[in-house]
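Heads up: the structure comes next, in structure tokens.
Residue numbers (mature numbering (1 follows the signal peptide of the UniProt record, and there is no 0)): -24 to -1, 1 to 246.
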């Protein structure tokens, strides 16, 4: 009799633990695949970007390329997905993420307190230092000198935020090239930009009439560049972070940075 009771008790215990193990296993399996249910287009990682911000993303001979384009392809591959790009103007780029036109934004995006209230961000994959571009005969010698000056930058960009921080009167410009032209024409006093973007422009275009003023990190810390996603894309964000970590560890991230920037912008101390 006691043996029967002991046997029944043992059977119940095994059943409970067995069921728990099965459920746990199912839960882990579901969790590992859940990120694919969060993407907008089945089998694809849809990325929103401008496609006009070289060398992050731009067109050459009609083909979309750049540091973030290649990185997005590598991230998507790690996720078992194919990268799809949606080129969008800056002023509607973030709104497109909110309306689910794409799964993420990769456009030299910086994490800010305001953006974090509405969106999620991946771990940083690059660090963007700032520079000030003015006319070659400008009396400005420091970022501090832009107070009250007419500085042109994209509306709502991190560059515009930095310019306003130092007291500039910021006017909107559609892209960097237009901003540089306005400065050369004497219609603007300067523009704040990322060092990599300026270096790339200077390498491939005439900078006659322009000069660069370094912005030391003691005055403005470098921006951390991350992938922006919707708040409800928790599994996707986690999976993307895993992919970024692997791409950093195997040297892919650094290799892409050297290819497009000529230096490693994926490390903070660079």
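Backbone N, C-alpha and C define an ideal beta-carbon position, used for all residues, glycine too.
Residue environment: residue 192 is assigned as exposed (fewer than 16 neighbouring CB atoms within 10 Å of its CB, all protein chains considered). Fully contained in the segment 67 to 118 are the following alpha helix (DSSP H) runs of length 4 or more, in chain order: 89 to 94. Contact between residue 42 and residue 32 holds: their C-beta atoms lie close to 5 Å from each other, under 8 Å.
With the rule of 3 Cβ pairs closer than 8 Å, the segment 72 to 83 does not count as touching the segment 230 to 237.
Taking residue 171 as the centre and dropping the five residues before and after it, the same chain places the C-beta of 105, 107 closer than 6 Å to its C-beta, in chain order. Closest option to residue 161, judged by alpha-carbon separation, among 209, 134, 112: 112. Assigned with DSSP and collapsed to three states, residue 57 falls in coil, not helix or strand. Classified as exposed, residue 37 has fewer than 16 neighbouring CB atoms from the shown chains inside 10 Å of its CB. Residue 120 sits exposed, since fewer than 16 C-beta atoms from the chains shown fall within 10 Å of its C-beta.
With a 10 Å radius around the Cβ and a threshold of 16 neighbouring Cβ atoms, residue 190 comes out exposed. Counting other Cβ atoms within 10 Å of its Cβ, residue 184 stays below 16 and is therefore classed as exposed. Of the candidates 16, 235, 115, the residue whose Cα lies closest to the Cα of residue 61 is 16. Taking the Cα of residue 80 as reference, the smallest distance to any Cα among 90, 49, 110 is reached at 49. Beta-bridge annotation (DSSP): residue 167 is paired with 109.
Residue pairing for residue 199: DSSP places it in a beta bridge opposite 104. About 5 Å separates the CB atoms of residue 202 and residue 98; that is less than 8 Å, so the two are in contact.
Judged by DSSP in its simplified three-state form, residue 145 adopts strand. Linking residue 239 to residue 109 through their CA atoms gives a straight-line distance of about 21 Å.
For residue 204, the enclosing beta strand (DSSP E) begins and ends at 204 to 206. Going by DSSP, residue 157 is part of the alpha helix (DSSP H) stretching over 152 to 160. By the Cβ test, the segment 81 to 96 is in contact with the segment 206 to 213, since at least three Cβ pairs between them sit closer than 8 Å. Of the candidates 27, 152, 55, 210, 27 places its Cα closest to the Cα of residue 82.
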